[in-house]
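Visitor: Here this note's numbering is used: the first residue of the sequence shown is 18, the next is one more, and so on.
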Amino acid sequence: MSLAETPETEAPATAPVAVEVRNLRIELLSSHKDIVDEIGIRIGAGEVLGLVGESGSGKTTVGMSLLGYCRPGGYVSGGAILIDGTDLAGLAEAEVRHLRGGVVSYIPQDPGTALNPALRLRTQLAEQLAAHRAQMSAEDRDRRMREALEEVLLPSEDSFLSRYPHQLSGGQQQRVAIAMAFACRPHVIVCDEPTTGLDVTTQARVLETVRDLCRTHRVAALYVSHDLAVVAELADRVAVMYAGRIVESASRDALFSSPRHPYTKRLLRAVPDIAGERVVLGIPGRAPLPSARPKGCFFAPRCSFARDDCRETFPPVTDLGDGHLVRCYHVADAQAAREEAGVKAEGRPSSDELVLDVGALNASYEGRRTLFEISLQVHRDECLALVGESGSGKTTLARCVSGLHKDWTGSVRLRDAMLATSARKRSAEARKEIQYVFQNPYASLNPRRSVGQTIARQLQLFFPMDRRKTAVRVGECLEKVSLSAEAAGRFPDQLSGGERQRVAIARALAAEPALLVCDEVTSALDVSVQAAIV
Numbered sequence: 018m019s020l021a022e023t024p025e026t027e028a029p030a031t032a033p034v035a036v037e038v039r040n041l042r043i044e045l046l047s048s049h050k051d052i053v054d055e056i057g058i059r060i061g062a063g064e065v066l067g068l069v070g071e072s073g074s075g076k077t078t079v080g081m082s083l084l085g086y087c088r089p090g091g092y093v094s095g096g097a098i099l100i101d102g103t104d105l106a107g108l109a110e111a112e113v114r115h116l117r118g119g120v121v122s123y124i125p126q127d128p129g130t131a132l133n134p135a136l137r138l139r140t141q142l143a144e145q146l147a148a149h150r151a152q153m154s155a156e157d158r159d160r161r162m163r164e165a166l167e168e169v170l171l172p173s174e175d176s177f178l179s180r181y182p183h184q185l186s187g188g189q190q191q192r193v194a195i196a197m198a199f200a201c202r203p204h205v206i207v208c209d210e211p212t213t214g215l216d217v218t219t220q221a222r223v224l225e226t227v228r229d230l231c232r233t234h235r236v237a238a239l240y241v242s243h244d245l246a247v248v249a250e251l252a253d254r255v256a257v258m259y260a261g262r263i264v265e266s267a268s269r270d271a272l273f274s275s276p277r278h279p280y281t282k283r284l285l286r287a288v289p290d291i292a293g294e295r296v297v298l299g300i301p302g303r304a305p306l307p308s309a310r311p312k313g314c315f316f317a318p319r320c321s322f323a324r325d326d327c328r329e330t331f332p333p334v335t336d337l338g339d340g341h342l343v344r345c346y347h348v349a350d351a352q353a354a355r356e357e358a359g360v361k362a363e364g365r366p367s368s369d370e371l372v373l374d375v376g377a378l379n380a381s382y383e384g385r386r387t388l389f390e391i392s393l394q395v396h397r398d399e400c401l402a403l404v405g406e407s408g409s410g411k412t413t414l415a416r417c418v419s420g421l422h423k424d425w426t427g428s429v430r431l432r433d434a435m436l437a438t439s440a441r442k443r444s445a446e447a448r449k450e451i452q453y454v455f456q457n458p459y460a461s462l463n464p465r466r467s468v469g470q471t472i473a474r475q476l477q478l479f480f481p482m483d484r485r486k487t488a489v490r491v492g493e494c495l496e497k498v499s500l501s502a503e504a505a506g507r508f509p510d511q512l513s514g515g516e517r518q519r520v521a522i523a524r525a526l527a528a529e530p531a532l533l534v535c536d537e538v539t540s541a542l543d544v545s546v547q548a549a550i551v
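(1) What residue from Val65, Ala200, Ile58 has the CA that sits closest to Val38's CA?
(2) Note down the Cα distance separating Ile52 from Gly91, rounded to an integer number of angstroms.
(3) Sorted by chain position, which residues of the same chain lie with C-beta nearer than 7 Å to Lys50's C-beta, five sequence neighbours on each side aside?
(4) Do the segment 113-124 and the segment 195-203 make contact, defined as three or more Cβ pairs closer than 8 Å?
(5) Whole angstroms is fine: what's the gap from Arg328's alpha carbon to Phe315's?
(6) Measuring CA to CA, which of Glu144, Ala434, Val207, Val348 is closest to Asp374?
(7) Quick one: using the 10 Å Cβ neighbour count with 16 as the cut-off for buried, is Gln145 buried or exposed?
(8) Leaving out the 5 sequence neighbours to the left and right, which residues in its chain are closer than 6 Å to Pro509 when beta-carbon positions are compared?
(9) Assign Gly80 to buried or exposed, taking buried as 16 or more other Cβ atoms, counted over all protein chains shown, within 10 Å of its Cβ.
(10) Go to Asp336, then tell me how far its beta strand (DSSP E) extends in each direction, as first and last residue.
(11) Ignoring anything shorter than 3 residues, give me the beta strand (DSSP E) runs that lie fully in the segment 68-134, in order along the chain.
(12) Under a three-way DSSP split, which group does Val544 fall into?
(13) For Arg283 and Gly261, what's the separation of their Cα atoms in angstroms?
(14) Output the distance between the C-alpha atoms of Tyr240 and Gly95, rounded to the nearest integer angstrom.
(15) For Ala437, is the classification buried or exposed, using 16 other Cβ atoms within 10 angstroms of its Cβ as the cut-off for buried?
(16) Just grab the DSSP bridge partners of Thr426 for me.
(17) Please name the residue in Arg158, Gly85, Arg507 whose C-alpha comes closest to that of Arg466.
(18) Find the nearest neighbour of Val93 within the set Thr103, Ser82, Tyr346, judged by alpha-carbon distance.
(19) On the DSSP letters alone, give me the boundaries of the alpha helix (DSSP H) that Gln191 sits inside.
(20) Sorted by chain position, which residues of the same chain lie with C-beta nearer than 6 Å to Ser19's C-beta, five sequence neighbours on each side aside?
(21) Under three-state DSSP, which class holds Val389?
(22) Comparing alpha-carbon positions, which option in Arg303, Arg277, Arg385, Asp483 lies nearest Glu13?
(23) Among the candidates Arg416, Leu371, Val372, whose CA atom is the shortest distance from the CA of Thr387?
(24) Check each candidate in Tyr346, Lys312, Val257 and name the one with the smallest Cα separation from Ser321.
(25) Looking at Val223 and Gly187, is the spacing between their C-beta atoms short of 8 Å?
(26) Name the DSSP bridge partner or partners of Met435?
(27) How about the segment 237-256 and the segment 63-74: do they share at least three Cβ pairs that are nearer than 8 Å?
(28) Taking 7 Å as the limit between beta carbons, can you name the residues of its chain near Val113, skipping five residues before and five after?
(29) In whole angstroms, what is the alpha-carbon distance linking Val598 and Thr213?
(30) Tell me which residues share the same chain as Gly118 and place their Cβ nearer than 7 Å to its Cβ, disregarding the 5 neighbours each side in the sequence.
(31) Can you list, in chain order, the residues of its chain whose CB lies under 6 Å from that of Val343, leaving out five sequence neighbours each side?
(32) Which whole-angstrom value describes the C-beta separation of Gly63 and Arg235, a residue pair presumed to lie in contact below a C-beta threshold of 8 Å?
(33) Roughly how many whole angstroms lie between the Cα atoms of Leu136 and Gln126?
(34) Express the C-alpha separation of Cys87 and Ser179 in angstroms, rounding to a whole number.
(35) Can you round the beta-carbon distance between Pro182 and Leu142 to whole angstroms, since I take them to be within the 8 Å contact cut?
(36) Is the CB-CB distance between Leu285 and Leu337 below 8 Å?
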């Protein structure tokens, strides 16, 4: 296959092709630099294609293109997107809107922001059906909305349909979003990391639901994710993206058992090993921005196998057979990749200095007891993991420690100092020493402040300094979480979910705290960044 040809992930021969993307190129209006290029995808009816890669690789850009959307400042400059044989480029905007929700549907990453907080579930489901299935009678629409809820294992009674989104758990909100996506019986569905932030038990149920619905209704699904464990559970085939290109694609089993691109191998080495027997490896450096992509292979600056040919010319596609495609000059070298040093959990603190001491803590929420006699200690240089299903009280305990939830009794000591229940009543030093990183990066950053302003405000609050020193420190904070200095000038809506969370972590680290309270902070991060942060 020549460089001019597009590597396409192949749909099974037995399944009719529902999605076909040919040589797709999306550029920035401002610079005409490509965001993604040479993208080729085929997805058969009832099949799930996993699209994986680090934040900023172009996964979501490709996914949203199936809905006829482009990111702000971008436009489709080449290629074709065919849904059931119809090219979106040849349709008027009104025709594309008609396809969305009816023929092509979408499951968002954050259902809390996707569901209208002012409308009951019944109203939202009914509006979805009325917009895309206007020919259905009111009775049929009522039957379909109840059926859609039952398919995702939610109650279909009037009492449940009368609830507002805030009255549901995160897992229930995500199931409602899935029900809305499947209610109109679309032919294609785009899943944008819909299990991010869910506990593993709820995540497993949601994944099983999505897989079963795709097979039952013969829906072709593009599952966009940075979570390789999720993709391994759900996808039939996997395509790996790096810096706007698909660098490897194969069946799920082939890719996970025999990855051939160095980037794919490093992604897999960054996945945590619960047994602790395998060393976790981050990936040095960071993916280049569209404006700074190097000549030749984009991964070459981070690759231990890179040679002169890699740095001169972008590699062509190598077909390894059975639909396994890879863009690399050194497939054989990558196959025999050597082991490298990484991070392995030691399982014990390296210091006897006690930082946090929680004693007999009881907490209530809206008059109901939620925590009972919780006691724990955290030493310096120690990472204490608190695990449990949604609703078990993990976040409530974290918020009590940080002073964000004040309805509790017992004791919380930071070093030797007893802390007040509310952060407002604690000293400035105590507030500096305990920093909280929220789970949801979409809600924890001020959309009106740039990344640099957000981190600078934290620095000025605790370490007053001149503007020049502040700018230097901002750059250092961004470097710690694998973000470039250029990110300082961007706003939250110009960042991916993983990039936003890295900014939130950088802001917390800027205070140089004694205790970092992390509420599932890596749930929105790439495995490579998770490994680097760990």
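Cβ atoms here follow ideal geometry from the backbone N, Cα and C, with glycine treated the same way.
Guide: So, to answer that:
(1) As a position in the sequence shown, residue 38 is number 21, starting the count at 1. Taking only the C-alpha atoms, the option nearest Val38 is Ile58.
(2) The residue you call residue 52 lines up with position 35 of the sequence shown. The residue you call residue 91 lines up with position 74 of the sequence shown. Cα to Cα, Ile52 sits roughly 8 Å from Gly91.
(3) Locating residue 50 in the sequence shown gives position 33, where the first residue counts as 1. Same-chain partners within the cutoff: Glu44, Pro307, Ser308.
(4) yes
(5) As a first step, residue 328 must be located in the sequence shown, where it is residue number 311. As a first step, residue 315 must be located in the sequence shown, where it is residue number 298. The straight-line gap from Cα to Cα measures roughly 8 Å.
(6) Stepping through the sequence shown from its first residue, residue 374 is reached at position 357. Of Glu144, Ala434, Val207, Val348, the residue nearest in Cα terms is Ala434.
(7) What you label residue 145 is simply residue 128 of the sequence shown in a count that begins at 1. Buried, because 16 or more other Cβ atoms sit within 10 Å of the Cβ of Gln145.
(8) As a working note, residue 509 is residue 492 in the sequence shown. Contacts found: Leu462, Pro464, Arg517.
(9) Taking the first residue of the sequence shown as position 1, residue 80 is located at position 63. Gly80 is buried by the Cβ-count criterion.
(10) The residue you call residue 336 lines up with position 319 of the sequence shown. Taken as a continuous stretch (DSSP letters only), the beta strand (DSSP E) holding Asp336 covers 334-336.
(11) 91-100, 121-124
(12) On the sequence shown, position 527 is the one that residue 544 refers to. Here Val544 sits in helix by DSSP.
(13) Within the sequence shown, numbered from 1, the residue matching residue 283 stands at position 266. Within the sequence shown, numbered from 1, the residue matching residue 261 stands at position 244. C-alpha separation (whole angstroms): 18 Å.
(14) Your numbering for residue 240 matches position 223 in the sequence shown. Your numbering for residue 95 matches position 78 in the sequence shown. Going by the C-alpha atoms only, they are around 23 Å apart.
(15) Sequence index remark: in the sequence shown, residue 437 carries index 420 (1-based). Exposed, because fewer than 16 other Cβ atoms sit within 10 Å of the Cβ of Ala437.
(16) As a position in the sequence shown, residue 426 is number 409, starting the count at 1. The partner list for Thr426 (beta bridge, DSSP) reads Asn379.
(17) One-based indexing of the sequence shown puts residue 466 at position 449. That would be Arg507, whose Cα lies nearest to the Cα of Arg466.
(18) Looking up residue 93 in the sequence shown gives position 76. Here the closest residue by C-alpha is Ser82.
(19) The residue you call residue 191 lines up with position 174 of the sequence shown. Gln191 -> alpha helix (DSSP H) spans 187-200.
(20) Taking the first residue of the sequence shown as 1, we reach residue 19 at position 2. With a pLDDT of 34 at Ser19, under the threshold of 50, the predicted position of this residue should be treated as unreliable, though the coordinate-derived value follows. For Ser19, where only same-chain residues beyond five positions count, there are no Cβ hits under 6 Å.
(21) What you label residue 389 is simply residue 372 of the sequence shown in a count that begins at 1. The sequence shown places Phe at residue 389, rather than the Val named in the question. Here Phe389 sits in strand by DSSP.
(22) The requested residue 13 is not part of the displayed model; the chain covers only 18 to 551.
(23) Position 370 of the sequence shown, counted from the first residue, corresponds to residue 387. Among Arg416, Leu371, Val372, the Cα nearest to that of Thr387 belongs to Arg416.
(24) Taking the sequence shown and counting its residues from 1, the one referred to as residue 321 is at position 304. With distances taken between Cα atoms, Ser321 lies closest to Tyr346.
(25) Reading the sequence shown from its first residue, position 170 is the one you call residue 187. Reading the sequence shown from its first residue, position 206 is the one you call residue 223. Not in contact: Gly187 and Val223 (Cβ atoms no closer than 8 Å).
(26) Looking up residue 435 in the sequence shown gives position 418. The bridge partners DSSP lists for Met435 are Arg430.
(27) Because the criterion of three Cβ pairs below 8 Å is met, the segment 237-256 and the segment 63-74 touch.
(28) Working through the sequence shown from its first residue, we reach residue 113 at position 96. Here the set comprises Gly85, Leu105.
(29) The chain is shown only over 18 to 551; residue 598 falls outside these bounds and no answer can be derived.
(30) Within the sequence shown, residue 118 is the residue found at index 101, counting from 1. Closer than 7 Å at the Cβ level, and outside the excluded window around Gly118, lie Gln145, Ala148, His149, Cys201.
(31) Counted from its first residue, the sequence shown places residue 343 at position 326. Taken in chain order, the residues that qualify are Glu265, Arg277, His278, Thr335.
(32) Residue numbering aside, residue 63 sits at position 46 when the sequence shown is read from its first letter. Residue numbering aside, residue 235 sits at position 218 when the sequence shown is read from its first letter. Yes, they are in contact, since the Cβ atoms of Gly63 and Arg235 sit about 4 Å apart, within 8 Å.
(33) Stepping through the sequence shown from its first residue, residue 136 is reached at position 119. Stepping through the sequence shown from its first residue, residue 126 is reached at position 109. Rounded to the nearest angstrom, the two C-alpha atoms are 20 Å apart.
(34) On the sequence shown, residue 179 is found 162 positions in, with the first residue counted as 1. On the sequence shown, residue 87 is found 70 positions in, with the first residue counted as 1. Looking at the two C-alpha atoms, the distance is approximately 35 Å.
(35) For this step, residue 182 is matched to residue 165 along the sequence shown. For this step, residue 142 is matched to residue 125 along the sequence shown. No, Pro182 and Leu142 are not in contact; Cβ-Cβ is about 12 Å, not under 8 Å.
(36) Here the question's residue 285 lines up with position 268 in the sequence shown. Here the question's residue 337 lines up with position 320 in the sequence shown. Cβ atoms of Leu285 and Leu337: not closer than 8 Å.
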